[in-house]
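A.B. asks: Numbering (my numbering), first residue to last: 29 to 177. So that we are looking at the same thing, I have put the structure below in structure tokens.
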């Protein structure tokens with residue numbers, strides 16, 4: 029198992045969750061989903077993107093931010109955000125980190141930003157708003173794994 033975790037804060041799109049589940053299964057990363065989700069938790073819908081990989085992911089669902097914080101037990105939370113403080117390639121990742129993604133529609137609220145031990149961003153063309161959350165999570169996960177391994 030990888031020493032990295034991914035946490036999705038109140039995700040809105042089941043297909044993105046499925047895609048990230050597939051990545052986590054392939055890379056042996058635990059996925060944490062912090063509810064409420066913006067969609068009914070429907071294994072069939074999620075399976076459409078996650079395919080049969082959904083049966084191999086280590087998934088932990090949390091019914092609230094507070095429940096997630098209690099579970100993460102003081103580990104470093106690295107928020108992936110367009111309002112990040114530094115480029116993701118300049119950040120030093122550590123074993124045990126949680127990479128946290130905000131919801132697709134609203135991002136992460138201030139209390140998530142306030143709790144983050146690091147905030148990273150992907151530098152983009154100034155005319156663009158954001159990348160798809162699954163694409164951004166994959167990019168940052170790749171860099172974190174490169175550093176940790």
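Heads up, the beta-carbon is just placed ideally off N, CA and C, and yes, glycines get one too.
Please state if the CB of residue 90 and the CB of residue 128 are separated by a distance shorter than 8 Å.
C.D. replies: no
A.B. asks: Buried or exposed for residue 42, going by 16 or more other Cβ atoms inside 10 Å?
C.D. replies: buried
A.B. asks: Out of 119, 145 and 161, which has the shortest C-alpha to C-alpha gap to residue 37?
C.D. replies: 161
A.B. asks: As a quick exercise: from 97, 48, 155 and 120, pick the residue whose alpha carbon is nearest that of residue 139.
C.D. replies: Nearest in C-alpha terms to residue 139, of all of 97, 48, 155 and 120, is 97.
A.B. asks: Going by the C-beta, is residue 112 closer than 7 Å to any heavy atom of the ligand GTP?
C.D. replies: Ligands are entirely absent from the displayed structure, and the ligand GTP is therefore not among its contents.
A.B. asks: How would you call residue 65, buried or exposed, if buried means at least 16 neighbouring beta carbons within 10 angstroms?
C.D. replies: buried
A.B. asks: So what does residue 114 bridge to, in DSSP terms?
C.D. replies: 148
A.B. asks: For residue 102, count the other beta carbons within 10 Å of its own beta carbon; 16 or more makes it buried, fewer makes it exposed. Which is it?
C.D. replies: Around the beta carbon of residue 102, fewer than 16 other beta carbons sit within 10 angstroms, so the residue counts as exposed.
A.B. asks: Can you say whether residue 120 is buried or exposed, counting buried as having 16 or more other CB atoms within 10 angstroms of its CB?
C.D. replies: exposed
A.B. asks: Name the two residues that bound the continuous alpha helix (DSSP H) containing residue 96.
C.D. replies: 93-100
A.B. asks: State buried or exposed for residue 170, treating a residue as buried only when at least 16 other CB atoms are found within 10 Å of its CB.
C.D. replies: Flag for residue 170 reads exposed.
A.B. asks: Can you give me the C-alpha to C-alpha distance between residue 151 and residue 115, rounded to a whole angstrom?
C.D. replies: Roughly 6 Å separates the two Cα atoms.
A.B. asks: DSSP on residue 121, reduced to helix/strand/coil?
C.D. replies: coil
A.B. asks: Could you check what DSSP says for residue 173 in three-state terms: helix, strand or coil?
C.D. replies: helix
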